[in-house]
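Colleague: This is the structure I want to talk about, given as structure tokens.
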Amino acid sequence: MRELVTSAAASARLDLARAWLRERGPAGRALVVAGTQEAAAEVVRAAAADSGAAFGWQRFTLGRLAAVIAAEAMAERGLSPLSPLGVEAVCARVVHQLRGRLGKFDPVATQPGLPRALSRTIQELRLAGARPGGDLGRVLDAYETELGRAALADRAAVFRLALEAESPLLDLPALLVDLPLRAALEERFIARLRGPVLAIAPAADATRISRALDVAPRPLREAADTSLARVQQRLFVEGTAPVAASGDDVILLSAPGESRECVEIARLVRSEAERGVPFDGMAVLLRSPFQYRPLLEEAFVRAGIPAHFASGTQKPNPAGRAFLALLACAADGLSARRFAEYLSLGEVPQAVSGAPPQAPPSGDRWVPPDTELTPALPEDPAPAEDAGASEDFEAPVVAGTLRAPWRWEQLLIDAAVIGGRDRWKRRLDGLEAQLRTSLSAFAEDEAKAQRIEREVADLGSLRDFALPLLDALASLPASATWAAWLDPLSALATRALRDPARVLSLLAELAPMGPVGPVSLAEVRLVLARRLTELSIPPSGKRHGKVFVAPVAAARGLSFETVFVPGLAEKLFPQKVMEDPLLRDAERRDLAQLETSIDRIAAERLALRLAAGSARGKLVLSWPRIDLAQGRARVPSFYGLEVVRAAEGTLPPFSELSRRAEQAAPARAGWPAPANPGDAIDEAEHDLALLGRAFRDPQESKGTAAYLLAANAHL
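In the working numbering, the protein residues as written are 9 to 723.
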């Protein structure tokens, strides 16, 4: 029996899903398939908590389930799964092979964005089973030829194999939790499920799952007696809505800039916690995570709020940048400037003898990749800090930097090193000879002699460390298959970096690309550059006890008491809708089931519906009033008007929307503190709030800031 149940509120759908799981019994087997592992685990945990225990409920994402079912067929055919990075690398190889024959793509063939754009479009075409003609069709043919030659399977190939394979998993009862289906192959895969199926889906996202299961959706009956319920049910629904009074469960607010907006969200989180809402009962759902994630991280740290960033946090990756600097050094003929850039990043490993450490055997250098189509491995404990790091400040390397960095830069200048291994050695030897001559000349001047001796020692440290690495860089192949590249690159990372784990993980992700090639050093740098400059730090531990911060799509299958949605402003939410630069909408309409601008607009609306639907008790929508980067006013998104229309049945003018939002959070652009010191999120805000009160009413506030003289050593 197959059933599809829809609802605008996630809590109603999830209650039904948990009841269905409990009916299977703690020993009954069942599949739980969701958009994320977190969503599948959440449903299983909640159902198991009522039953006491459960042993047969297996959790999957759609891609992982397909990979498990297709694993045997892939092994028989000798295929290796290809990660998104591997797809991009194959596209870079195809662009290089077809250079001069790419037609309309030739003018941008040397740009780093072309392989990335091709990887997205090609994956969409293959998952939809579409075959374009012209230049893009030729690139697609070359891509598929390269996959066959290298025995690689991308996501589309894995799903095709899963469609042909037999597995006892297909006969199990299946619970599909807010599953996002984006392609025809995914629909066909879901259609193969043979056991009883219960699918739950947002009311606005049931078309594909309904088609895949060949059942009509059954909507749940929901009352529309609160502002939040009306927003969930009527958002973007055409027609006249009945007029209703506004409640305090849907809040619109604005702040002067994205940073202050995040501070106001932190303030409201603390207020909700004081009201009794646990931290893990709150979520901040982002449509523009790149802009808001670092600002929310800072605001929550200031406010002492524990947060779980579901997609991790982004930080500069000095180890990755140091490795890229070394590759640039090799590409520029062992450039001294590039080598100095590597040294300046502080990622030099401990070198007790002066020379870089030897690379461990290749088997010991492997680090598991992180992809959906490969089996999950248990996480290793976080590496400890350098317990054996030398505390001897006369050692060749101290705290990841060659000793006396302010002097070795001058040494490189004095030695006039430009590039080339032989020239490096001649110039450094020549500078040493010059220094020893000076040492003999100033033997009677103790101070100058000691200074020159330090320079000689620093020069020795630089030479002992640099020349072996330069030999390794000089030995890199000019052009080879990925298999021939990966071993020397991983060896170089273990010798040249204090913490090579991120680089090794990325190289492991490229291991299935081994037969592809030959590729040049320029292609290797192109593939690695974007992933190594920024470090994505995965969340530590589980989300429980912490505020959930994630992109809106990660809210599928989850429900929270209070939901915050920042960035409801122009070009942030909804984001600017743009056509695919490689396959325009006019061409897409002639192909089967490809996304067009109409679908992209619907996806933006669905994102807001998902965010609103995940709230059980309160929805807070906010936006910045000022674009601080461009120094101009921000225009609220028209989605704010749609929220008010759904909640109250009337459509206010933009001026009224802005006035309401400013009253909800009366923050001033020139004074980063609340009017009431008791609402401050940290000591700095508290002090500023007290000063602000003193400025407003000096007669009533005499002496209130006197404590600052004792609390602040600078006053």
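Backbone N, C-alpha and C define an ideal beta-carbon position, used for all residues, glycine too. Values in this document were obtained by computation on a predicted structure and should not be read as measured data.
Can you tell me whether R10 is helix, strand or coil according to DSSP?
Modeller: Note: R10 maps to strand in three-state DSSP.
Colleague: Is it true that the CB of P324 sits closer than 8 Å to the CB of E355?
Modeller: Cβ distance not < 8 Å, so E355 and P324 don't count as in contact.
Colleague: With H, G and I counted as helix, E and B as strand and the rest as coil, what does DSSP make of A260?
Modeller: According to the sequence displayed, residue 260 carries Leu and not Ala. Strand at L260.
Colleague: Going straight from the alpha carbon of L12 to that of A209, what length do you get?
Modeller: For L12 and A209, the distance between alpha carbons rounds to 7 Å.
Colleague: Rounding to the nearest angstrom, what Cα-Cα distance links V651 and R196 in this structure?
Modeller: Going by the C-alpha atoms only, they are around 36 Å apart.
Colleague: Where R10 and P188 are concerned, what is the direct C-alpha to C-alpha distance, given to the nearest angstrom?
Modeller: Approximately 18 Å, taken between the alpha carbons.
Colleague: Determine the burial state of D257: buried for a count of at least 16 other Cβ atoms within 10 Å of its Cβ, exposed for fewer.
Modeller: With 16 or more Cβ atoms within 10 Å of its Cβ, D257 is classed as buried.
Colleague: Within this structure, are the beta carbons of E266 and L303 separated by less than 8 Å?
Modeller: Yes. Within cutoff.
Colleague: In chain order, what are the residue ranges of uninterrupted alpha helix (DSSP H) at least 4 long that sit wholly in the stretch 290-325?
Modeller: Whole alpha helix (DSSP H) segments, 4+ residues: 297-311.
Colleague: Tell me, please, whether the stretch 618-626 touches the stretch 569-587 by the rule of three or more beta-carbon pairs shorter than 8 Å.
Modeller: Yes, since at least three Cβ pairs between the stretch 618-626 and the stretch 569-587 fall closer than 8 Å, the two stretches touch.
Colleague: Mind checking who R726 pairs with in its DSSP beta bridge?
Modeller: Given a span of 9 to 723 for the chain in the structure shown, any question on residue 726 remains unanswerable.
Colleague: Quick one: residues in its chain with C-beta nearer than 7 Å to the C-beta of P526, no 5 flanking neighbours on either side, listed in chain order?
Modeller: Excluding sequence neighbours, P526 sits near S487, A488 and T489.
Colleague: Using alpha carbons as the reference points, say which of V103, R216 and E174 lies closest to R192.
Modeller: In the sequence as displayed, the identity of residue 192 is Ala instead of Arg. The option with the nearest alpha carbon to A192 is R216.
Colleague: Using a 10 Å radius around the Cβ and a threshold of 16 neighbouring Cβ atoms, would you call A83 buried or exposed?
Modeller: It counts as exposed.
Colleague: In whole angstroms, what separates the C-alpha of A392 from that of P357?
Modeller: Caution applies to A392, whose pLDDT of 39 falls short of 50 and renders its modelled position unreliable; the value that the coordinates give is listed next. Answer to the nearest angstrom: the Cα atoms are 15 Å apart.
Colleague: Tell me, please, which residues DSSP counts as bridged to S528.
Modeller: S487, per the DSSP bridge assignment.
Colleague: Considering only residues of the same chain and omitting the five flanking positions on each side of S630, which have a CB-CB separation below 8 Å?
Modeller: L260, L261, S262, A263, E269, E272, I273, F572, V573, P574, G575, L576, A669 and A673, listed in sequence order.
Colleague: Of all the options D288, R471 and H316, which has the alpha carbon lying nearest to the alpha carbon of P364?
Modeller: For P364, the nearest C-alpha among the options comes from R471.
Colleague: Per the DSSP calculation, S630 is bridged to which residue(s)?
Modeller: Partner(s): L261.
Colleague: Compare the Cα-Cα distances from A18 to each of L160, A207 and V98 and report the closest residue.
Modeller: Answer by Cα proximity: A207.
Colleague: Between S88 and P520, how many whole angstroms is the CB-CB distance? I'm expecting something under 8 Å.
Modeller: Indeed, because the Cβ distance is near 4 Å, the residues count as touching under 8 Å.
Colleague: Tell me the rounded alpha-carbon separation between W432 and R503.
Modeller: Rounded to the nearest angstrom, the two C-alpha atoms are 20 Å apart.
Colleague: Out of E80, D58, L29 and L93, which one is the CA nearest neighbour of G64?
Modeller: Residue L29 is the option with its Cα nearest to G64.
Colleague: What do you reckon, are the CB atoms on R429 and A482 nearer than 8 Å?
Modeller: Taking 8 Å as the Cβ cut-off, R429 and A482 qualify as a contacting pair.
Colleague: Could you pull out every residue in the same chain whose Cβ sits closer than 6 Å to the Cβ of A48, ignoring the five residues on either side in sequence?
Modeller: These residues qualify, in order along the chain: V40, A42 and R67.
Colleague: With distances taken Cα to Cα, identify the nearest neighbour of E731 among A20, C99, R329 and I545.
Modeller: Outside the shown range of the chain (9 to 723) lies residue 731, about which nothing can therefore be said.
Colleague: Quick one: give me the first and last residue of the alpha helix (DSSP H) that A192 is part of.
Modeller: Element bounds for A192: A192 to A199.
Colleague: Judging by CA-CA distance, which residue of R202, F167, S296 and C99 is the nearest neighbour of L183?
Modeller: Here the closest residue by C-alpha is R202.
Colleague: So, with DSSP's three-state summary, where would you put T730?
Modeller: Because the chain here runs from 9 to 723, residue 730 falls outside it and cannot be looked at.
Colleague: To the nearest angstrom, how far is the alpha carbon of V557 from that of V52?
Modeller: Rounded to the nearest angstrom, the two C-alpha atoms are 21 Å apart.
Colleague: What separation, rounded to the nearest whole angstrom, lies between the Cα atoms of A336 and A35?
Modeller: Taking the straight line joining both Cα atoms gives about 57 Å.
Colleague: Contact check, L439 vs L477 under 8 Å by CB: the rounded distance?
Modeller: Not a contact, Cβ separation roughly 19 Å.
Colleague: What did DSSP end up calling I273 once you bin it into helix, strand or coil?
Modeller: I273 falls in the helix class under three-state DSSP.
Colleague: Going by other Cβ atoms of all chains shown within 10 Å of its Cβ, with 16 needed for buried, is E399 buried or exposed?
Modeller: No answer about E399 holds up, because its pLDDT of 45 lies below 50 and its placement is not dependable.
Colleague: In three-state terms, what does DSSP make of I689?
Modeller: Reduced to three states, the DSSP call for I689 is coil.
Colleague: Kindly identify the DSSP beta-bridge partner or partners of E542.
Modeller: According to DSSP, which records beta bridges pairwise, E542 is partnered with P324.
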